[in-house]
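See structure below.
Numbering (the numbering used here), first residue to last: 4 to 519.
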């Protein structure tokens with residue numbers, strides 16, 4: 004009996020050893036998120052804001068955006084110390100940091116993990132971002148600390164594909180192979196924080212990574228709490244139960260929260276472009292007259308007044324403002340209710356039309372859709388909203404179950420990625436390379452492909468502009484507004500950098516972040 008007890012105690016100690024290696028003395032950062040639960044924390048499947056925010060605390064890329072920035076000109080070394088490319092831009096060599104450790108005792112990060120990660124990111128069966136990597140011909144380990152990427156064709160930004168964003172995150176090969184499907188809830192990265200446990204519908208608990216290559220974090224733990232109700236989350240913040248709160252991109256919320264003592268409201272880039280994707284392959288949106296009526300019914304100015312000028316701006320194209328390749332010269336149909344009604348009558352819907360739409364219960368998105376629902380009702384279009392949990396929403400729209408999809412997104416700020424993911428036929432759900440082309444549009448495939456490989460910047464810009472004009476003319480989707488990101492924090496929380504932007508859609512918590 005004694006022997007068994009000692010053996011059991013030893014097993015408990017050994018089992019706790021990898022986690023104990025991460026444990027740090029330091030304050031707990033309590034973060035409130037508008038979510039029922041996390042979805043998938045495998046970074047190559049992290050498509051929702053809820054997941055992206057947390058993934059960025061646990062993983063690194065070969066390179067990274069400077070904390071607080073989304074400017075591609077400020078990309079800097081991360082897991083790679085340095086890199087160089089061939090004269091034609093098709094061969095890139097990355098030299099890795101030595102001694103970088105994965106969480107949970109999974110060992111040193113080497114070129115083998117990088118090769119595995121980028122191949123995983125480029126495989127439709129193991130990544131939601133595989134279409135971004137179609138230009139990769141090969142990824143090779145030259146030696147344990149050197150990786151060579153060879154492209155079959157040029158891409159607008161190779162560094163954008165290996166940064167700390169979407170498919171660029173590096174995972175532990177051994178952890179992925181060992182944990183299989185469980186990796187999505189038990190992720191293993193190299194970042195400043197490691198996953199300790201997830202309590203469904205309650206929280207994800209992360210602990211500081213004492214072995215982080217940039218130094219041990221000053222924050223000891225992060226308690227990432229799922230509080231889907233805006234009112235409940237705000238009350239928890241006001242009662243000092245939260246240090247950092249996912250905010251509403253709403254002027255009234257911003258103004259009110261700024262009055263809370265010792266509070267800073269951060270409003271930052273990127274602007275998430277809300278687009279309404281209309282499935283052109285099935286009724287009623289296979290009729291362009293209905294699509295045009297829909298476009299004329301959307302009042303973008305009203306949407307911005309509803310959200311507020313500090314946190315939103317009108318959508319001007321199917322590519323967000325500020326992206327390389329964006330153009331507002333695209334023929335976007337203006338708000339015109341009379342023209343919308345006339346088009347509805349021409350299409351045989353003089354008495355109105357009802358469309359069943361699957362939509363998320365995420366408060367910010369649901370509220371926006373309800374405003375749009377009212378706008379459309381004025382021209383005889385009724386949206387029958389089927390409201391589901393956010394993770395279910397993502398699953399069902401990728402099964403082509405909704406002819407209209409309300410989607411808000413930010414991507415690497417080059418037109419190619421937004422156009423490729425949302426409007427190329429390769430990205431249609433149900434195809435082997437599916438991403439987020441919920442419109443099933445293919446009218447700009449040739450322009451998107453040609454711009455992608457062009458080495459002439461003027462030609463690229465011309466092709467991207469042409470693609471946008473074709474997509475707008477065919478009303479594949481209707482741009483609505485761009486919504487900036489909003490978080491509230493206590494003044495004793497210092498990020499350690501100026502927060503101007505974050506591609507992870509939330510504040511990056513780093514080794515420099517302090518909670519005094």
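Built from N, CA and C at the ideal position, the CB exists for glycine as well.
For the alpha helix (DSSP H) assignment, the uninterrupted runs of no fewer than 4 residues enclosed by the segment 173 to 219 are, from N- to C-terminal side, 176 to 182. Less than 9 Å divides the Cβ of residue 195 from the Cβ of residue 514. Going by C-alpha positions, residue 44 is about 9 Å away from residue 53. DSSP lists no beta-bridge partner residue for residue 39. Between residue 66 and residue 162, the CB-CB gap stays under 9 Å.
The C-beta distance from residue 406 to residue 288 rounds to 6 Å, short enough to fall under 8 Å.
Within the DSSP bridge table, the entry for residue 95 names 88, 152 as partners. Taking C-beta atoms under 8 Å as the contact rule, residue 106 and residue 85 fail to qualify, at a distance of about 25 Å.
Membership of residue 395 in any beta strand (DSSP E) is not indicated; the residue belongs instead to the alpha helix (DSSP H) covering 393 to 400. Residue 305 is a Cβ neighbour of residue 378, given a cutoff of 9 Å. Taking C-beta atoms under 8 Å as the contact rule, residue 159 and residue 455 qualify, at a distance of about 7 Å. Remark: C-beta atoms of residue 126 and residue 280 do not approach each other more closely than 9 Å. Note that the C-beta distance between residue 401 and residue 340 is not below 9 Å. DSSP places residue 370 inside the alpha helix (DSSP H), whose first and last residues are 366 to 380.
Under DSSP, residue 492 shares a beta bridge with 247, 267. The Cβ-Cβ distance between residue 59 and residue 422 does not fall below 9 Å.
Between the alpha carbons of residue 373 and residue 276 lies a distance of about 17 Å. By a beta-carbon distance limit of 8 Å, residue 404 does not contact residue 384. Their separation comes to about 19 Å. Comparing C-alpha distances from residue 266 to each of 297, 363, 144, 492 shows the shortest one belongs to 492. C-alpha of residue 297 to C-alpha of residue 343: approximately 7 Å in a straight line. Using a 10 angstroms sphere on the CB of residue 117, the tally of other CB atoms reaches 16 or more, which defines it as buried.
Secondary structure note for residue 260: its alpha helix (DSSP H) is the uninterrupted segment 254 to 260. Across the structure, residue 429 and residue 497 are spaced so that their CA atoms are roughly 43 Å apart. Scanning the segment 99 to 167 from its first residue to its last, the whole beta strand (DSSP E) runs of 3-plus residues come out as 139 to 146, 149 to 154. Within 10 angstroms of the beta-carbon of residue 473 lie 16 or more other beta-carbons, which makes it buried.
Within 10 angstroms of the beta-carbon of residue 237 lie 16 or more other beta-carbons, which makes it buried.
For the pair of segments examined, the segment 310 to 323 was found to touch the segment 243 to 261: the number of CB pairs separated by less than 8 Å reaches three.
In this structure, the CA atom of residue 465 is about 46 Å from the CA atom of residue 494. A check of alpha carbon separations from residue 219 across 29, 270, 167 identifies 29 as the nearest. At a Cβ-Cβ threshold of 9 Å, residue 73 and residue 504 count as neighbours. When the five nearest sequence neighbours on each side are left out, the beta carbons in the same chain lying within less than 8 Å of the beta carbon of residue 114 are those of 99, 144, 145, 146, 147, 148, 149, 150, in order along the chain. The DSSP-derived three-state label of residue 409 is strand.
Residue environment analysis places residue 110 among the exposed positions, since fewer than 16 neighbouring C-beta atoms fall within 10 angstroms of its C-beta. In this chain, the alpha helix (DSSP H) harbouring residue 462 covers 460 to 476. Beta-bridge partners of residue 304 (DSSP): none assigned. Cβ neighbours of residue 516 within its own chain (closer than 6 Å, five residues either side excluded): 222, 498, 499.
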